[in-house]
Amino acid sequence: MHDASPQVVPVSKLPHFDAVVLGAGISGLVAASVLAEKGERTLVIDDYGHVGGNHMDWTSHDGYTFDVGSLIFQDDSPLLRHFPELLGHYLPIAPTWGRLNPQGKITDYPISVRDDIMAAGPVGLTRIALSVLYARLFCKRMANARDFARYWIGDYLLKRSGLETYMKRFYGIAPEQIDLDLARKRMGWISEHASIGTLLRKLLRSRTAAGPVNCQLARPKDGFASLYDVAVERLTKAGVSFRLSAGTQNIRKIDSGFEITFDGGVVFTRRVISTIPIPAAERLCGMASQSALDTITLISLYFSFAGERGFSQSIIYNFSHYGAWKRLTVYSDFYGRVNGREYFAVEVIAGGDVRSVDQAKEDFRRHTQANGLFTGELTLEGSQVLESAYPIYSKGAAQHAAQAIDALRAFGIESMGRQGGFNYQPTARVSTIEVEAALGRN
Ligand SMILES: Cc1cc2nc3c(=O)[nH]c(=O)nc-3n(C[C@H](O)[C@H](O)[C@H](O)COP(=O)(O)OP(=O)(O)OC[C@H]3O[C@@H](n4cnc5c(N)ncnc54)[C@H](O)[C@@H]3O)c2cc1C
4 MHDASPQVVP
14 VSKLPHFDAV
24 VLGAGISGLV
34 AASVLAEKGE
44 RTLVIDDYGH
54 VGGNHMDWTS
64 HDGYTFDVGS
74 LIFQDDSPLL
84 RHFPELLGHY
94 LPIAPTWGRL
104 NPQGKITDYP
114 ISVRDDIMAA
124 GPVGLTRIAL
134 SVLYARLFCK
144 RMANARDFAR
154 YWIGDYLLKR
164 SGLETYMKRF
174 YGIAPEQIDL
184 DLARKRMGWI
194 SEHASIGTLL
204 RKLLRSRTAA
214 GPVNCQLARP
224 KDGFASLYDV
234 AVERLTKAGV
244 SFRLSAGTQN
254 IRKIDSGFEI
264 TFDGGVVFTR
274 RVISTIPIPA
284 AERLCGMASQ
294 SALDTITLIS
304 LYFSFAGERG
314 FSQSIIYNFS
324 HYGAWKRLTV
334 YSDFYGRVNG
344 REYFAVEVIA
354 GGDVRSVDQA
364 KEDFRRHTQA
374 NGLFTGELTL
384 EGSQVLESAY
394 PIYSKGAAQH
404 AAQAIDALRA
414 FGIESMGRQG
424 GFNYQPTARV
434 STIEVEAALG
444 RN
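Plus 3 on top of the position in the sequence shown (first one is 1) and you've got our numbering.
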């Protein structure tokens with residue numbers, strides 16, 4: 004019998020790179036672009052078989068293409084500085100946003116002065132005013148996201164508008180457990196919208212107020228592949244190599260750098276930039292986990308529909324007190340109907356009684372029917388379950404993440420991005436800016 008022990012290849016014989024980037028999401032692609040600009044010979048490794056990370060689509064046999072979430076881009080994004088060719092592949096769209104409020108009405112997102120405040124009637128208005136006054140006078144000390152929202156809009160409106168319920172649905176934990184710093188970053192719109200002056204202006208101005216000044220864009224109709232192919236092409240020309248479906252196994256620190264082993268290969272590099280989840284990087288390095296960092300599991304349901312949907316906006320947020328679904332995006336508004344049918348994706352955060360696709364589907368049907376939405380023929384075309392969709396920003400998690408990132412840095416790994424930096428990055432724009440800053444590009 005053969006000796007099955009692996010052959011040790013001397014470091015000098017391994018393929019050498021100046022830098023290896025773990026993760027080919029937006030952060031990884033931007034990191035590779037910055038490193039290539041600096042003349043560093045770079046390899047990008049990802050466990051997925053595609054680039055773009057969470058920018059992920061799914062196509063049914065009948066030709067419907069959906070995404071895991073509501074993915075919208077802008078023509079002034081700094082990502083285009085790295086990959087200008089993307090612009091020609093995006094589809095200009097004119098999305099509109101709405102929200103199902105706890106009173107069962109589809110209304111303005113994130114808040115409607117008419118439907119959430121004026122419609123409360125004289126008693127409700129008095130209660131809103133008194134609770135805002137109370138919060139502004141006696142609730143200045145804030146410890147979590149709920150305190151932040153209550154300070155600005157008061158306890159009564161927080162419940163009446165459904166914002167409190169939505170926060171729990173979005174973050175996967177009770178608003179009392181959500182980190183205050185995140186609330187300040189993510190919910191800055193509350194403080195902006197909640198000043199008396201802004202509310203009055205909102206009330207007086209026409210309902211067709213000016214939208215965003217930049218142009219809103221969607222991925223090509225057939226999915227992300229043709230979009231990110233041009234980024235890979237540009238990077239490849241600049242000398243960047245890619246290993247996808249890599250099955251990354253471990254990172255071994257050696258004197259002059261790191262040895263990275265993945266399915267079918269070992270490479271040597273002086274530098275490792277990690278954009279993968281922090282616990283995954285810790286595991287690859289053989290480090291004891293410094294952190295209990297939880298992440299959200301996102302269930303995406305893909306429906307086609309014929310009938311009366313009950314609203315005109317292309318994106319609807321669920322602010323009602325019931326139903327596990329968080330947001331839906333009507334793709335047929337952007338790309339046209341397929342076989343005469345509309346089609347849309349629904350995002351559901353797994354948790355509580357809704358942990359499987361079947362549970363999510365039944366819950367969505369029940370809840371939308373009860374609210375008079377989607378009267379007609381609704382068919383589930385498919386679904387996707389995405390683990391580690393985004394970090395859960397519970398109190399203290401940011402500190403744990405910072406310690407873990409420090410420990411990785413001490414080991415020699417530069418960890419950044421939505422997962423690697425445990426950063427709130429709602430858009431590719433933010434991911435781009437943060438990676439540029441971390442790698443010292445002006
Ligand atoms: C539901 C949802 C909706 C969004 N909507 C928008 C939007 O409308 N507009 C917008 O601009 N942005 C949107 N974003 C945010 C945008 O996706 C992020 O800014 C961006 O995806 C962050 O990219 P990233 O590279 O940091 O992380 P990710 O996209 O998470 O990429 C991380 C990569 O690491 C890889 N990886 C993980 N583990 C390993 C391992 N062990 N070895 C190798 N590789 C590994 C993964 O396969 C993945 O490719 C949305 C995100 C989500 C989840």
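For every residue, glycine included, the Cβ atom is placed at its ideal position computed from N, Cα and C. Remember, it's a predicted structure, so these values are computed and weren't measured experimentally.
Residue i versus residue j - alpha carbon distance
i: Arg-210; j: Thr-45; result: Residue placement at Arg-210 cannot be trusted, given a pLDDT of 48 that sits under 50; what the coordinates show is reported in the next sentence. Each residue's Cα considered, the two are about 51 Å apart.
i: Ile-109; j: Gly-101; result: 6 Å
i: Leu-220; j: Glu-88; result: 14 Å
i: Asn-104; j: Phe-425; result: 31 Å
i: Ala-212; j: Asp-111; result: Its pLDDT being 47, under 50, Ala-212 is placed unreliably in this model, and the value from its coordinates should be taken loosely. Rounded to whole angstroms, Ala-212 to Asp-111 spans 12 Å at the Cα level.
i: Asp-65; j: Asp-297; result: 36 Å
i: Gln-362; j: Pro-178; result: 24 Å
i: Val-47; j: Ser-115; result: 45 Å
i: Phe-265; j: Ala-283; result: 14 Å
i: Ala-148; j: Ser-397; result: 10 Å
i: Ser-80; j: Leu-38; result: 20 Å
i: Ala-410; j: Gln-180; result: 26 Å
Residue i beta carbon near ligand 1 (any heavy atom closer than 8 Å)
i: Ala-27; result: yes
i: Ser-386; result: no
i: Phe-76; result: yes
i: Ala-327; result: no
i: Gln-428; result: yes
i: Ser-391; result: yes
i: Gln-422; result: yes
i: Glu-439; result: no
i: Tyr-51; result: yes
i: Asn-57; result: yes
i: Arg-432; result: yes
i: Gly-226; result: no
i: Pro-280; result: yes
i: Ile-48; result: yes
i: Ala-122; result: no
Classification of residue i by the beta-carbon crowding that lies within 10 angstroms, buried from 16 upward
i: Asn-342; result: exposed
i: Phe-322; result: buried
i: Gln-252; result: exposed
i: Phe-308; result: buried
i: Ile-281; result: buried
i: Asp-6; result: Low per-residue confidence applies at Asp-6: pLDDT is 45, beneath 50, and the placement is therefore not dependable enough to give any value.
i: Val-11; result: exposed
i: Ser-259; result: exposed
Helix, strand or coil at residue i [DSSP, three-state]
i: Thr-99; result: coil
i: Val-233; result: helix
i: Lys-256; result: strand
i: Ile-319; result: strand
i: Ile-75; result: coil
i: Gly-267; result: coil
i: Leu-38; result: helix
i: Tyr-169; result: helix
i: Ser-15; result: helix
i: Ser-115; result: coil
Nearest-angstrom beta carbon gap, residue j and residue i [assumed within contact, 8 Å]
i: Leu-74; j: Arg-222; result: 7 Å
i: Ile-302; j: Ser-391; result: Actually they are not in contact, since the Cβ atoms of Ile-302 and Ser-391 sit about 13 Å apart, beyond 8 Å.
Short CB-CB distance (under 9 Å) between residue i and chain B
i: Pro-223; result: No chain B appears in this structure, which consists of one protein chain only.
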